[in-house]
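Everything below concerns the one structure shown next.
2 protein chains.
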Amino acid sequence: MSITDDEARTLLRESALRATAPRLAVLRVLAEAPNPLSHTEVLECLGKTDWDPATIYRNLIKLRDAGVALVASHAHGMDRYELAHGDGHHPHFVCEGCGRVACLPAGLTASMSMEGPWATSIQNAMVQLRGECPDCLAKA
Amino acid sequence: MSITDDEARTLLRESALRATAPRLAVLRVLAEAPNPLSHTEVLECLGKTDWDPATIYRNLIKLRDAGVALVASHAHGMDRYELAHGDGHHPHFVCEGCGRVACLPAGLTASMSMEGPWATSIQNAMVQLRGECPDCLAKA
DNA sequence: ACGTTGATGCAACTCAATTGCATTTATTTG
DNA sequence: CAAATAAATGCAATTGAGTTGCATCAACGT
Ligand SMILES: [Mn+2]
Ligand SMILES: [Mn+2]
Ligand SMILES: [Zn+2]
Ligand SMILES: [Zn+2]
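Sequences listed follow chains V and D, in order.
To convert, note that position 124 of the first sequence is 124 in our numbering; the numbers rise steadily by one, no gaps.
To convert, note that position 128 of the second sequence is 268 in our numbering; the numbers rise steadily by one, no gaps.
Below, the structure written as structure tokens:
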């Protein structure tokens, strides 16, 4: 998945965010990533000489606060960001072996028939599975 | 839930772990906690008994490696430990608002039918829900 | 009681996250 | 288009969880 410069600018305008060069770059990197990326991984995708890490960091925060991006996982002390595709959120798989985070197709129905105050919380929650990915299972 | 000193010693013996004072203390704290605890929270629970943080840290690792405890969540850069109750693992709810992690009753099985290499990974995975807990929903 | 081996205490280190502040720049406004 | 304004950037410093090296101590099988 990719994003044109115009699409990115429109997206930012709709969120009342200024279209700066690093911000557009972050948007492009997130759009092209097949999986959620950490701050460090975004830096690597951008190439190390480009922009200040703190700037990229704050842009990820901004995009998240604006609802353009979201944190798909906090696992292993790293926030992993992805674009918030309009549709409802899909589940993610966090590998405890290699640390990778993968997007899973929507359709994972967490059948939760729970009464009481937790019902709403659970129904609106994002689903995350933690285990060993196929690659790590093969090695073990 | 609590644990007697004898039960703790037996549990450790079965795992080939020496029964040291800080280790027994960690075991007792985990046994009494209603929710998974971070390293820092375990230190706070131990309170007056002033053990070295690194010792407590390594004990949590040891207990995890021995299968006595497990990491219920990595959220927000904190590993949260709980005793590995014999039965299969239950899901957990991670609140993005206040950061608390709560144990959910088993039976909230997220059923996903997926083909291919991911099938096994998914079936053996632990389920984690991320959202806003009832308390945080009430404030918002 | 002894000796082996694991555990402890202390200190140092890594790395993601976070923040203060002076400077620059995108966007608004005249 | 140029000035005004509020936001964003670059740089540096700080926090906090996790992690590790090493000398000393202690659990426990013999
Ligand atoms: Mn995803
Ligand atoms: Mn639990
Ligand atoms: Zn893996
Ligand atoms: Zn909460």
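The C-beta atom is built at its ideal place from N, Cα and C for all residues, glycine as well.
* Asked: Should H230 (chain D) and A215 (chain D) be called a contact, given that it needs their Cβ atoms to be closer than 9 Å?
  -> As a position in the second sequence, residue 230 (chain D) is number 90, starting the count at 1. As a position in the second sequence, residue 215 (chain D) is number 75, starting the count at 1. Result no, Cβ atoms of H230 (chain D) and A215 (chain D) do not sit closer than 9 Å.
* Asked: In chain V, which residues lie less than 7 Å from N264 (chain D) when you measure between Cβ atoms?
  -> Here the question's residue 264 (chain D) lines up with position 124 in the second sequence. Within chain V, the residues near N264 (chain D) are G131.
* To do: Give the straight-line distance between the Cα atoms of V169 (chain D) and T180 (chain D), rounded to the nearest whole angstrom.
  => Walking along the second sequence from the start, residue 169 (chain D) turns up at place 29. Walking along the second sequence from the start, residue 180 (chain D) turns up at place 40. Taking the straight line from one Cα to the other gives about 12 Å.
* Enumerate, from N- to C-terminal direction, the unbroken alpha helix (DSSP H) stretches of 4 or more residues contained entirely within the stretch 92 to 128 of chain V. => 118 to 123
* Close beta carbons around W191 (chain D), own chain, < 6 Å, minus the five adjacent residues each side -> Taking the second sequence and counting its residues from 1, the one referred to as residue 191 (chain D) is at position 51. Result list for W191 (chain D): P162, in chain order.
* Asked: DSSP on V208 (chain D), reduced to helix/strand/coil?
  -> Numbered from its first residue, the second sequence carries residue 208 (chain D) at position 68. V208 (chain D) falls in the coil class under three-state DSSP.
* Amino acids of chain V, ordered along the chain, whose beta-carbon sits closer than 9 Å to that of V288 (chain D) -> The structure shown does not extend to residue 288 (chain D), since chain D is modelled only from 141 through 280, so no value can be given for it.
* What does a CB cutoff of less than 7 Å around E130 (chain D) pick up in its chain, not counting 5 residues either side in sequence? -> A question about residue 130 (chain D) goes unanswered here, because the residues of chain D that appear run from 141 up to 280.
* Asked: Helix, strand or coil for E32 (chain V) per DSSP?
  -> Counting from one through the first sequence, the residue named residue 32 (chain V) turns up at place 32. DSSP places E32 (chain V) in helix when its eight states are reduced to three.
* **Helix, strand or coil at R220 (chain D) according to DSSP, with G and I counted as helix** => As a working note, residue 220 (chain D) is residue 80 in the second sequence. In the structure shown, R220 (chain D) sits in a strand (DSSP, three-state: E or B).
* **Top-ranked residue by Cα proximity to A265 (chain D), from V:P34, V:H92 and V:A138** => What you label residue 265 (chain D) is simply residue 125 of the second sequence in a count that begins at 1. Checked all of V:P34, V:H92 and V:A138; the closest Cα to A265 (chain D) is V:H92.
* Asked: To the nearest whole angstrom, what separates the beta carbons of V68 (chain V) and R80 (chain V), a pair I think is in contact under 8 Å?
  -> Stepping through the first sequence from its first residue, residue 68 (chain V) is reached at position 68. Stepping through the first sequence from its first residue, residue 80 (chain V) is reached at position 80. Contact flag wrong, Cβ pair sits at about 15 Å.
* Asked: In chain V, which residues lie with their C-beta within 7 Å of the C-beta of P274 (chain D)?
  -> Locating residue 274 (chain D) in the second sequence gives position 134, where the first residue counts as 1. Here the neighbours are P117, W118 and S121.
* Residues passing the C-beta test against ligand 2 heavy atoms, cut-off 7 Å -> D:N175, D:P176, D:A212, D:E222, D:H230, D:H232 and D:C243
* Report the residue from D:L167, D:D146 and D:V234 whose alpha carbon sits nearest the alpha carbon of N199 (chain D). => In the second sequence, the residue the question calls residue 199 (chain D) occupies position 59. With distances taken between Cα atoms, N199 (chain D) lies closest to D:L167.
* Using CA coordinates, which residue listed in V:P34, V:P117 and V:A66 is at the minimum distance from A16 (chain V)? -> As a position in the first sequence, residue 16 (chain V) is number 16, starting the count at 1. A16 (chain V) has its Cα closest to that of V:A66, out of V:P34, V:P117 and V:A66.
* Are any of the Cβ atoms in chain V nearer than 9 Å to that of C238 (chain D)? -> For the purposes of this step, residue 238 (chain D) is identified with residue 98 of the second sequence, where counting begins at 1. No, C238 (chain D) does not count as interfacial toward chain V.
* **Straight-line Cα distance separating N35 (chain V) from L83 (chain V)** => What you label residue 83 (chain V) is simply residue 83 of the first sequence in a count that begins at 1. What you label residue 35 (chain V) is simply residue 35 of the first sequence in a count that begins at 1. Taking the straight line from one Cα to the other gives about 10 Å.
* To do: Compare the Cα-Cα distances from G217 (chain D) to each of D:L177, D:V267 and D:A159 and report the closest residue.
  => Reading the second sequence from its first residue, position 77 is the one you call residue 217 (chain D). Minimum Cα distance to G217 (chain D) is reached at D:L177.
* Asked: To the nearest whole angstrom, what separates the beta carbons of C98 (chain V) and C136 (chain V), a pair I think is in contact under 8 Å?
  -> Along the first sequence, read from residue 1 onward, the residue named residue 98 (chain V) stands at position 98. Along the first sequence, read from residue 1 onward, the residue named residue 136 (chain V) stands at position 136. Yes, they are in contact, since the Cβ atoms of C98 (chain V) and C136 (chain V) sit about 5 Å apart, within 8 Å.
* L12 (chain V) vs R18 (chain V) beta-carbon contact at 9 Å -> In the first sequence, residue 12 (chain V) corresponds to position 12, counting from 1. In the first sequence, residue 18 (chain V) corresponds to position 18, counting from 1. Result yes, Cβ atoms of L12 (chain V) and R18 (chain V) sit closer than 9 Å.
* Asked: Helix, strand or coil: which one does DSSP assign to L37 (chain V)?
  -> Within the first sequence, numbered from 1, the residue matching residue 37 (chain V) stands at position 37. It is a strand residue.
* Which residue or residues does DSSP assign as beta-bridge partners of R270 (chain D)? -> For the purposes of this step, residue 270 (chain D) is taken as residue 130 along the second sequence, with counting starting at 1. Paired residues: V:M126 and D:V234.
* CB-CB under 6 Å to L63 (chain V), same chain, minus the five flanking residues each way: which ones, in chain order? -> For this step, residue 63 (chain V) is matched to residue 63 along the first sequence. Once the five neighbours on either side are set aside, the close Cβ partners of L63 (chain V) are A69.
* Going by the C-beta, is D192 (chain D) closer than 8 Å to any heavy atom of ligand 4? -> By 1-based counting over the second sequence, the position of residue 192 (chain D) is 52. For ligand 4, not one heavy atom lies less than 8 Å from the Cβ of D192 (chain D).
* Using a C-beta cutoff of 9 Å, does C103 (chain V) count as contacting chain D? -> On the first sequence, position 103 is the one that residue 103 (chain V) refers to. For C103 (chain V), the answer is no, since every Cβ of chain D falls outside 9 Å of its Cβ.
* Asked: What does G217 (chain D) reach in chain V if we use C-beta pairs closer than 9 Å?
  -> The residue you call residue 217 (chain D) lines up with position 77 of the second sequence. The answer, in chain order, is H74, H76, G77, M78 and D79.
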